[in-house]
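*Asks:* If you count by the UniProt record's numbering, then the sequence shown holds residues 1 to 209, one letter each, in order.
We put the CB at the ideal spot given by N, CA and C, even for glycine.
This is the structure, below, for whatever I ask next.
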Amino acid sequence: MRLPNTFLTEPIFVSQAIIDPAAPIRWEPKKDFTSIYSNFSYLEASGWYWGAISASEAHSVLQGASEGTFLVRDSSHPLYLLTLSVKTGRGPTNVRIGYNLGRFFLDSSSPAKSRLLSFLDVPSLVQHYVGSKSGEKGENGEEFETIPSPMPKQCAVLLKLKKPIRCRQAFPSLQHLTRLVINRHSTSTEKLPLPKPLLQYLQDYPFQL
């Protein structure tokens, strides 16, 4: 598993918007490595992490896709690790993914930035926005939570996540697809009557997409 070049050569972006200055913070640098390493292990297994492709390459991949299709790639910005590229009603756009003290969150210039949730890993972040409901319905009756756009208010567009587009070079195995089905139909996979190696395999990727 490889980490993006930004992790190896550049500082990690720190967002003060999610830090309570009154709360004492004790955080060891090695926890950053453990957290980021685990996150990239999950992403490598996901099939929808496209690695070090450029913004233009991501746009080309998403151009013919339906609205709400997305992928995660390495960020070209030196202060960020990752970027979420999404197909919107106006075409593909990008939202940077920030990292701070073991938590990942979407970056935004919106006033709602301070209210955006943070997650222990990017698959949990993406899964939240794919599965959240805000009353807005899609073409097939699905409901989506909208994400504040990174663009200026006057040209903002609502972002909604529906489904990932998988990288051809990292298309998931049959075992992984089976694991996703099990995860979608069980809230406690560790309690399933399965051999320990299979239980460990499920816990190695505890997500639904």
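Does the beta-carbon distance from G102 to D204 come in below 9 Å?
*Replies:* Not closer than 9 Å, so no.
*Asks:* Mind checking which residues open and close the alpha helix (DSSP H) that includes P195?
*Replies:* Counting along the chain, P195 falls outside any alpha helix (DSSP H), and DSSP gives it neither H nor E.
*Asks:* In this structure, does DSSP put F105 in helix, strand or coil?
*Replies:* In the structure shown, F105 sits in a strand (DSSP, three-state: E or B).
*Asks:* State the DSSP-derived secondary structure class of F171, mapped to helix, strand or coil.
*Replies:* In this structure, F171 counts as coil in the three-state DSSP scheme.
*Asks:* Taking the alpha-carbon of N100 as reference, which of P92, R168 and L81 has the nearest alpha-carbon?
*Replies:* Ranking P92, R168 and L81 by Cα distance to N100 puts L81 first.
*Asks:* Okay, do the stretch 160 to 180 and the stretch 59 to 66 touch, 3+ Cβ pairs below 8 Å being the bar?
*Replies:* With the cut-off at 8 Å, the stretch 160 to 180 and the stretch 59 to 66 touch.
*Asks:* If you run the structure through DSSP and keep just helix, strand and coil, what is S85?
*Replies:* In this structure, S85 counts as strand in the three-state DSSP scheme.
*Asks:* In whole angstroms, what is the alpha-carbon distance linking L194 and R96?
*Replies:* Approximately 39 Å between the Cα atoms of the pair.
*Asks:* Straight-line CA distance for R90 to G68?
*Replies:* Approximately 11 Å, taken between the alpha carbons.
*Asks:* Using the rule of at least 16 other Cβ atoms within 10 Å of the residue's Cβ for burial, across every protein chain shown, is Y129 buried or exposed?
*Replies:* Buried.
*Asks:* Look up residue 216 in the DSSP assignment and give the residues it is bridged to.
*Replies:* Absent from the structure is residue 216, since the part of the chain shown begins at 1 and ends at 209.
*Asks:* Can you give me the start and stop residues for the alpha helix (DSSP H) that G131 sits inside?
*Replies:* Its alpha helix (DSSP H) spans residues V122 to G131.
*Asks:* If you draw a straight line from the C-alpha of S76 to the C-alpha of S54, how long is it?
*Replies:* Approximately 7 Å, taken between the alpha carbons.
*Asks:* Using a C-beta cutoff of 9 Å, does P206 count as contacting chain D?
*Replies:* Here there is only one protein chain, and chain D is not present.
*Asks:* Consult DSSP for F207 and reduce its assignment to one of helix, strand or coil.
*Replies:* The answer is coil: DSSP assigns F207 none of H, G, I, E or B.
*Asks:* DSSP on residue 210, reduced to helix/strand/coil?
*Replies:* Here the chain comprises residues numbered 1 to 209, so residue 210 is not present and cannot be evaluated.
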